[in-house]
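Reviewing the structure listed below.
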Ligand code: 5GP
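In the numbering used here, the protein residues as written are 5 to 194.
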């Protein structure tokens, strides 16, 4: 089974630099701190892709917050497509009843995963439920979702880095980029 030649060598184009991401995360953190001042805010992030964004965003928020983590997986389909069928691999570890909940997502593509998650979390009776995503790909949206905080709106390209993977690799890139076409023609190691 072939391995990619190298982490950075496999990247054809950097879409968002580490500096651009850092500045945007600080901006979002400041907005969230203002909007939720005096409230009981719980950040719920969705593993694994949102891990770096969650870690940076929570440290850019200067009001008290709780955090919780969920892990979901889409059933079936190729690795660059979302199937919309969602399985919960890890549930919340604490109650969110009467909490102001902010879902922290890495990317919204078709919106199917988030649509499922919103309905699931609404059933747990939070005081409010809003969405924060680092990346938004509106071109491929299949369900309408009101997104409250968006870092960057990006074109319809499959991106990796800053948490986002291809075949479980490239999550540790500090930037967001697009892979060379030949990387996709090899067998991904999922
Ligand atoms: P949706 O259900 O909105 O179509 O897809 C959500 C999930 O699909 C994301 O959380 C992410 O795991 C994956 N995804 C969607 N677009 C991309 C992309 O451009 N790059 C990567 N690495 N994953 C993506």
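Every residue gets a Cβ at the ideal spot worked out from N, C-alpha and C, and that includes glycine.
Any non-hydrogen atom of ligand 1 closer than 7 Å to residue i Cβ
i: residue 4; result: No information on residue 4 is available, as it lies outside the stretch 5 to 194 that the chain covers here.
i: residue 57; result: no
i: residue 152; result: no
i: residue 162; result: yes
Nearest to residue i (by Cα), restricted to the options the options
i: residue 44; options: 137, 133, 142 and 115; result: 133
i: residue 122; options: 135, 164 and 131; result: 135
i: residue 142; options: 27, 114, 128 and 164; result: 114
i: residue 42; options: 104, 156 and 10; result: 104
i: residue 137; options: 16, 55 and 93; result: 55
i: residue 125; options: 164, 16 and 47; result: 47
i: residue 74; options: 64, 95 and 163; result: 95
i: residue 99; options: 38, 120 and 127; result: 127
Distance between residue j and residue i (C-alpha atoms, nearest Å)
i: residue 35; j: residue 20; result: 21 Å
i: residue 76; j: residue 170; result: 16 Å
i: residue 71; j: residue 185; result: 37 Å
i: residue 102; j: residue 130; result: 5 Å
i: residue 177; j: residue 167; result: 8 Å
i: residue 3; j: residue 189; result: Because the chain here runs from 5 to 194, residue 3 falls outside it and cannot be looked at.
i: residue 157; j: residue 147; result: 17 Å
i: residue 175; j: residue 93; result: 19 Å
i: residue 145; j: residue 13; result: 31 Å
i: residue 118; j: residue 112; result: 7 Å
i: residue 161; j: residue 140; result: 11 Å
i: residue 179; j: residue 97; result: 30 Å
Limits of the beta strand (DSSP E) - the one that residue i falls within
i: residue 135; result: 132-140
i: residue 17; result: 15-20
Boundaries (first-last residue) of the alpha helix (DSSP H) holding residue i
i: residue 40; result: That residue, residue 40, is in no alpha helix (DSSP H); it is neither H nor E in DSSP.
i: residue 125; result: 116-126
Uninterrupted beta strand (DSSP E) stretches inside the region 42-114 (no shorter than 3 residues):
Here the runs fully enclosed are 45-51, 69-78, 90-94 and 104-112.
Would you mind listing the alpha helix (DSSP H) stretches within the region 167-193 that are 4+ residues and don't spill past its ends, in chain order?
Those alpha helix (DSSP H) runs which fall completely within the region 167-193 and span 4+ residues are 185-189.
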